[in-house]
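Below: one structure, written as structure tokens.
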Amino acid sequence: MNNDIRVYSFFREEIVEKKLKLEEAIKHLELVKCTMIDQLQEFIAMEEDTYAKQISMIEDFSIENGIFKFCINGRLPHFDIEDAKYKQKIRDHYQQKIIQFTNVFDINSRVSYKKAFIYLIHFFRNEVPRDLDNRSKKFIFDGIRYSGIIRDDSWKNISYMERGLLDSNRERVEIWIGEEDNNIEIIKMVEEKYIKK
């Protein structure tokens, strides 16, 4: 019996060590992803001689009946990793891309919201369980705020909702923004577009 306890203890330590190594590898992958996106955008901009192409992480935007929708390619990174440099790099990357995007397409002169409703739809390629509350939506909210689309992101001025959906072709996050009074309309638009197919 004593040997069983030692074996379990060793096995548990091994699991914890492997988990920590995987978390560290994921952090590095996110940082590499940010760097590669930045470099790709620079090359595209040089090749096509246009600043507008520098925001390729964000695409597929529309403004319809006062509702602004845009899409961020890929999954949002985890926020629960306790590494200040990592968080700062990821935060700056996402915020800068949103601000650049809204500036290039002059979004904040076309829409702005006093009391906003923000609906985040996370599209995943498979049905592997993932916690939505572990995703870094704060970077999105801050980018939207710093771009001038919303006045601030305090509880008085925004409400939000999240959901996950399946899309085996492309992982992404769609962000739908409208006035708080239009929250039911926004939810219905998403339902009609993706759920009631």
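Heads up: the sequence shown runs through residues 1 to 197, numbered per the UniProt record's numbering. Each residue gets a CB set at the ideal place from its N, CA and C atoms; glycine is no exception.
- In this structure, E162 keeps its C-beta atom at 9 Å or more from the C-beta atom of I98.
- Relative to the Cα of N157, the nearest Cα in the group F139, D181, N169, K196 belongs to D181.
- No residue range can be given for I149, since it is assigned to no beta strand (DSSP E) and is classified by DSSP as neither H nor E.
- In the structure shown, the three-state DSSP call for D106 is coil.
- The beta carbon of C34 sits closer than 6 Å to the beta carbons of H93 from its chain, once the five residues preceding and following it are set aside; these are given in chain order.
- Spanning the alpha carbons of S154 and Y160 requires a straight line of approximately 11 Å.
- Contact annotation, I90 with E30: C-beta distance approximately 6 Å; criterion of less than 8 Å satisfied.
- For N73, the enclosing beta strand (DSSP E) covers residues 67–73.
- Remark: fewer than three beta-carbon pairs, one from each stretch, lie closer than 8 Å, so the region 107–118 and the region 127–136 are not flagged as touching.
- In the structure shown, the three-state DSSP call for D131 is coil.
- With contact defined as three or more Cβ pairs closer than 8 Å, the region 133–147 and the region 186–197 are not in contact.
- DSSP places M57 outside both helix and strand once states are collapsed to three, so it counts as coil.
- Contact between the region 73–88 and the region 167–177 is present: three or more C-beta pairs spanning the two stretches fall below 8 Å.
- DSSP places E185 in the uninterrupted alpha helix (DSSP H) bounded by 183–190.
- Taken atom to atom, the span from the alpha-carbon of S168 to that of R125 is near 4 Å.
- Leaving aside the five residues that flank Y146 on each side, the residues in its chain whose CB is nearer than 7 Å to its CB run, in chain order, Q95, I99.
- Annotation: the continuous beta strand (DSSP E) that includes V173 extends over 172–179.
- In the assembly as shown, M57 is a buried residue. Its beta-carbon has 16 or more other beta-carbons within 10 Å.
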